[in-house]
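Chains as they are written, first to last, in our numbering: chain A, 564 to 779; chain B, 337 to 575; chain C, 333 to 596. Here a beta-carbon is modelled for each residue, glycine too, at the ideal position from N, C-alpha and C. Please read these numbers as outputs of a predicted model, since none were measured by experiment.
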Amino acid sequence: MLDFSILTTYYDLFFKGFLTTIEVSIIGLICSFILGVIVAVMRIAPLRILNYFGTCFVEFIRNIPLIIIVFFFYHGLSVYINLSGFAAGTIGLSIYTAAFIAEAVRAGIQSVDKGQMEAARSSGLKYIQAMRYVILPQAVKIVIPPIGNQFINLVKNSSILGVVAGMELMYFADYIHEKTYVTFDTYIFAAMFYLVLTIPLSLFVNYLERRLARSY
Amino acid sequence: MDFIGAYSSGNLGYLFKGFLITLEVAVISIILSFLIGSLLGTIRYAKIPVLSKVVAVIVETIRNLPLLLIIFFVYFGLREVGLKLEIIPAAIMALTIFESAMISEIVRSGLNSIEKGQIEAARSSGLTYIQTMWHIILPQALKRMIPPLVSQFISLLKDTSLAVVITLPEMFHNAQGIYNGNFNFVIPLFLLVAIIYFIVNYALSLVARALEKRLDTEGKHRGRGSGKKPKSLSGQLSS
Amino acid sequence: MKKWLFIGVIFTLIAALMVGCGKSSSGSKSDGTLAKIKERGKFVVGVKYDTYLFGYKDPKSGDVTGFDIDIAKALAKKILGDEKKVELVEITSKTRIPKLKNGDIDAIIATMTITEDRKREVNFSDVYFDAGQSLLVKKGSSIKSVDDLKKGTKVIAVKGATSGDNVKKAAPETELLEFENYAEAFTALKSGKGDALTTDNSILYGMAAQDSDYEVVGSTFTEEPYGIAMVKGDQEFVDYVNKFLKDLQGSGEYAKIKAKWIKE
Chain A
564 MLDFSILTTY YDLFFKGFLT TIEVSIIGLI CSFILGVIVA VMRIAPLRIL
614 NYFGTCFVEF IRNIPLIIIV FFFYHGLSVY INLSGFAAGT IGLSIYTAAF
664 IAEAVRAGIQ SVDKGQMEAA RSSGLKYIQA MRYVILPQAV KIVIPPIGNQ
714 FINLVKNSSI LGVVAGMELM YFADYIHEKT YVTFDTYIFA AMFYLVLTIP
764 LSLFVNYLER RLARSY
Chain B
337 MDFIGAYSSG NLGYLFKGFL ITLEVAVISI ILSFLIGSLL GTIRYAKIPV
387 LSKVVAVIVE TIRNLPLLLI IFFVYFGLRE VGLKLEIIPA AIMALTIFES
437 AMISEIVRSG LNSIEKGQIE AARSSGLTYI QTMWHIILPQ ALKRMIPPLV
487 SQFISLLKDT SLAVVITLPE MFHNAQGIYN GNFNFVIPLF LLVAIIYFIV
537 NYALSLVARA LEKRLDTEGK HRGRGSGKKP KSLSGQLSS
Chain C
333 MKKWLFIGVI FTLIAALMVG CGKSSSGSKS DGTLAKIKER GKFVVGVKYD
383 TYLFGYKDPK SGDVTGFDID IAKALAKKIL GDEKKVELVE ITSKTRIPKL
433 KNGDIDAIIA TMTITEDRKR EVNFSDVYFD AGQSLLVKKG SSIKSVDDLK
483 KGTKVIAVKG ATSGDNVKKA APETELLEFE NYAEAFTALK SGKGDALTTD
533 NSILYGMAAQ DSDYEVVGST FTEEPYGIAM VKGDQEFVDY VNKFLKDLQG
583 SGEYAKIKAK WIKE
């Protein structure tokens, strides 16, 4: 049976870590969404140079490990700007997730029939207007589920802060593990805290996916 | 920053040794998690009473946990209940557990994207269930699964770097060993490791795109194309 | 049901594959450690790879060297008659106790302090090295000793080591940042994540020797007697190792090894 004394003795640390995990997730969610949409727009904008930079960003970031991005911000940039584990972790996480979101948004927008853009433009709308009123509303439906999945990944990936002293759930799980030498139970409790966050999110994304699929 | 010092032949050799471990662990895990993931995905697709539900609960739990936690758990936690693994098997096992769950979802969505009417049609034309699956459903589903599967394999390759926390002597671990001696090596090494990962993963994704194209045209030749645009599985893309 | 057959076939296939690939590593615990080592013809010992002067792997040559390594070699020579019959396994402060309990390694010789807590988990030999906790700072830092650690001072330590707890006792107001290993901890100090790095002075002297911008300050504020850790319940091996340490000191060999690595 699980040793609940670990939970009761160290509940303040678990809770502190849990709150930080939520904090990182929310900040990361907002930042990665904004950045992701910007990059997606860059990739489809009618301007070669923007396409090029957008594509480079997405392809490069998606193909390298998160831990390297985070350590780059933590150690690599320290000569110029000294970021805390929390800041470096959150920035790294946001950039990493943004690349995936950008890809999802781009795919969503491009899945809307090209003819619609032309029709909207020829009926006198500007590019931005056509995007805003014709293309994006349709694309949103398509991109919501994959973006939702990326947010679940973001919550899970926030555990990377544990290796740069980011003081979140994983860091404190390690800390409690060292204190007690009890591994199994400590990590099971940590897992439960993560599931409290991710399972409802997953169910919600599944629900959205089903609802949006029906509305076609 | 000291690029020349950081890229000395000794350092590069050490990094390369790590790269081989990264590849070894990733390849074995990819094979295992593809097999197990396919099995789990098929079980969920087939809606077998009880079994499918049990698999669903396990898969959903694992999918919703951070890989880092699973790595710690497999290496440290399982010792307490009697399963003792060396570092490399532990890393492979942790990656396989996590990625199998992710892949099973890709397989399930892939199978689900094929209209059920096809099964009925095939069955009523005299094919057995296995023949139907093997000749009709799987080839179509597999084609749709390729892009998300390859993304998952790329994720797996990247995720190998997380096993640095249990001292798996992979590429990033060895990079740490080198920049430990000289702080000026930090940025050059991060860049190099990132570029190596990028080259391998980008090549993988190019191969996948080519494969996808080939299968696409083949499908059209044989008249197997369903005529419908493949449903996007990008929702399963993940890291 | 053919549907079941289909699934059954796949399942058996994968099960067969798993069995084929699976390498189980179960160490028998029936015999004493000493007998196991002799049977194997190799002494497998957990050492640090990132601790200059004690256990350090040079990336260029691939050699692992240090005080702890020489002690391990001497012990291998004593047991098996050949100092080359030693197999070094990398451990960190965090992974060493699980690895020993697992039977992956025969002993830990890795700057490991003997503590009451740890005695519940493992057996210790007599003290083979006396260290004490101290501080490493960038030259010119305002921190001169543990008394200068105030509220808001960030102190870097390593996960699984005693140093984090000790500094919290000596200076409860400081903020503690713990990392996976000494490589990361020292890099964090260099990149300015903390004001001081704390651990045993022996390890700190190694870091200062690696990078002359950093110095060890203040006297030690704890006692850190190092012991060789062995699996619990095997008193025979502990007695053997204790006798080995006594002989090593008696023959002058110990002084030689110490002089080779520790200059202070």
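Separation of A/Met-730 from C/Thr-383, as counted between CA atoms: Cα to Cα, the separation comes out at about 25 Å.
Environment of C/Ala-587 [buried if 16+ CB atoms lie within 10 Å]: With fewer than 16 Cβ atoms within 10 Å of its Cβ, C/Ala-587 is classed as exposed.
Counting only beta-carbon atoms, is A/Glu-622 nearer than 8 Å to chain B? Interface residue, yes.
What did DSSP end up calling C/Ser-457 once you bin it into helix, strand or coil? Three-state result, C/Ser-457: strand.
Go ahead and label C/Asn-434 buried or exposed: buried means 16 or more other beta carbons lie within 10 angstroms of its beta carbon, across all protein chains shown. C/Asn-434 counts as buried, since no fewer than 16 other beta carbons sit within 10 angstroms of its beta carbon.
Could you check the C-alpha separation between C/Val-573 and C/Ile-411 for me, to the nearest Å? Cα to Cα, C/Val-573 sits roughly 10 Å from C/Ile-411.
Roughly how many whole angstroms lie between the Cα atoms of B/Ala-362 and A/Leu-758? Rounded to the nearest whole angstrom, the CA to CA distance from B/Ala-362 to A/Leu-758 is 26 Å.
Which partner residues of C/Ala-528 appear in the DSSP bridge assignment? Here C/Ala-528 is bridged, per DSSP, to C/Val-487.
Helix, strand or coil at C/Tyr-546 according to DSSP, with G and I counted as helix: Three-state DSSP puts C/Tyr-546 in a strand.
Assuming B/Asn-518 contacts B/Gly-349 (C-beta within less than 8 Å), just tell me the rounded distance between them. Contact flag wrong, Cβ pair sits at about 17 Å.
Starting from B/Asn-347, find everything on chain C with Cβ-Cβ shorter than 7 Å and list it in chain order. Identification of chain C residues near B/Asn-347 by a Cβ-Cβ cut-off of 7 Å yields Pro-391, Lys-392, ordered along the chain.
Find out if the Cβ-Cβ distance for the pair C/Asp-532, C/Glu-556 is shorter than 8 Å. In this structure, C/Glu-556 lies closer than 8 Å to C/Asp-532 by Cβ.
Under the assumption that A/Glu-622 contacts B/Tyr-343 (Cβ atoms under 8 Å), give the Cβ distance between them as a whole number of angstroms. In this structure, A/Glu-622 and B/Tyr-343 do not form a Cβ contact; the two beta carbons are roughly 24 Å apart against a cut-off of 8 Å.
Using 8 Å as the limit for Cβ to Cβ distance, is C/Lys-410 near chain B? Chain B places no beta carbon closer than 8 Å to that of C/Lys-410, leaving this residue out of the contacts.
Using only CA atoms, which one of C/Leu-467, C/Asp-438, C/Leu-509, C/Lys-476 lies nearest to C/Gly-484? From the listed residues C/Leu-467, C/Asp-438, C/Leu-509, C/Lys-476, the smallest Cα separation to C/Gly-484 is found for C/Leu-509.
Please confirm whether A/Ser-753 has its beta-carbon closer than 8 Å to some beta-carbon of chain B. Going by the sequence as given, residue 753 of chain A is Ala instead of Ser. Yes, because at least one Cβ of chain B sits closer than 8 Å to the Cβ of A/Ala-753.
Could you name the residues of the same chain whose beta carbon sits closer than 6 Å to that of C/Val-499, not counting the 5 residues immediately before and after it, in chain order? Excluding residues up to 5 positions away in sequence, Val-487, Thr-530 lie with their Cβ nearer than 6 Å to the Cβ of C/Val-499 in the same chain.
Going by CA-CA distance only, name the one from C/Gly-378, C/Asp-395, C/Lys-416, C/Asp-414 that's closest to C/Leu-432. Per the Cα distances, C/Gly-378.
In the DSSP assignment, the beta strand (DSSP E) including C/Glu-510 goes from what residue to what residue? Unbroken beta strand (DSSP E) run through C/Glu-510: 507 to 511.
C/Tyr-546 touches chain B at which residues, Cβ-Cβ below 9 Å? Here the premise fails: no neighbours, minimum Cβ distance about 10 Å.
Selection of the stretch 735 to 747 of chain A by Cβ proximity to chain C, strictly under 9 Å: Taking 9 Å as the Cβ-Cβ cut-off against chain C, the residues of the stretch 735 to 747 of chain A that qualify are Asp-737, Tyr-738, His-740, Glu-741, Lys-742, Tyr-744, Thr-746.
Which residues in the same chain as B/Phe-352 place their Cβ atom closer than 7 Å to its Cβ, once the five residues preceding and following it in sequence are excluded? Contacts found: none.
For chain B, check one thing: does any of its Cβ atoms lie closer than 8 Å to the Cβ of C/Ala-540? No, its Cβ sits nowhere closer than 8 Å to a Cβ of chain B.
Note down, in chain order, all residues in the stretch 445 to 463 of chain B with a beta-carbon under 8 Å from any beta-carbon belonging to chain C. Taking 8 Å as the upper bound on Cβ-Cβ separation, chain C lies near no residue of the stretch 445 to 463 of chain B.
Using a Cβ cut-off of 8 Å (strictly closer), state whether B/Val-501 contacts chain C. True, the Cβ-Cβ gap to chain C drops below 8 Å.
Less than 8 Å between C-beta atoms, sequence neighbours within five positions excluded: which residues of the same chain meet that for A/Ile-630? Taken in chain order, the residues that qualify are Ile-723, Val-726.
A/Asn-645 CB to nearest chain C CB: under 8 Å? Yes, A/Asn-645 counts as interfacial toward chain C.
For C/Ile-429, would you say it is in contact with chain A, using Cβ-to-Cβ distances shorter than 8 Å as the test? Yes - at least one Cβ of chain A is within 8 Å of the one on C/Ile-429.
From A/Asp-676 to B/Glu-396, what does the alpha carbon distance come to, in whole angstroms? Spanning the two alpha carbons is a distance of roughly 34 Å.
Among residues of its own chain, excluding the 5 on either side of C/Gly-526, which ones have a beta-carbon nearer than 7 Å to its beta-carbon? Sequence-distant Cβ neighbours of C/Gly-526 in its own chain, meaning closer than 7 Å and more than five residues away, are Lys-486, Val-487, Ile-488, Leu-509, Ala-520.
Under 8 Å Cβ-Cβ, which residues of chain A neighbour B/Gly-513? The contacting residues do not exist; B/Gly-513 stays about 14 Å from chain A at best.
Secondary structure at B/Thr-464, three-state DSSP: helix, strand or coil? Residue state, collapsed to three classes: coil.
Taking 8 Å as the threshold (C-beta atoms), are B/Ser-449 and B/Arg-480 in contact? Cβ distance < 8 Å, so B/Arg-480 and B/Ser-449 count as in contact.
Thinking just about the alpha-carbon of each residue, which of A/Leu-732, A/Ile-664, A/Gly-599, A/Phe-752 is nearest to the one in A/Ile-585? Answer by Cα proximity: A/Leu-732.
Presumed contact (8 Å Cβ cut-off) between A/Ile-632 and A/Gly-655, rounded CB distance: Rounded to whole angstroms, the Cβ separation of A/Ile-632 and A/Gly-655 is 4 Å, and the two are in contact under 8 Å.
Examine the Cβ distances between the stretch 575 to 594 of chain A and the stretch 733 to 753 of chain A and report whether three or more of them are shorter than 8 Å. Look at the beta carbons and you see the stretch 575 to 594 of chain A touching the stretch 733 to 753 of chain A: at least three pairs across the two are nearer than 8 Å.
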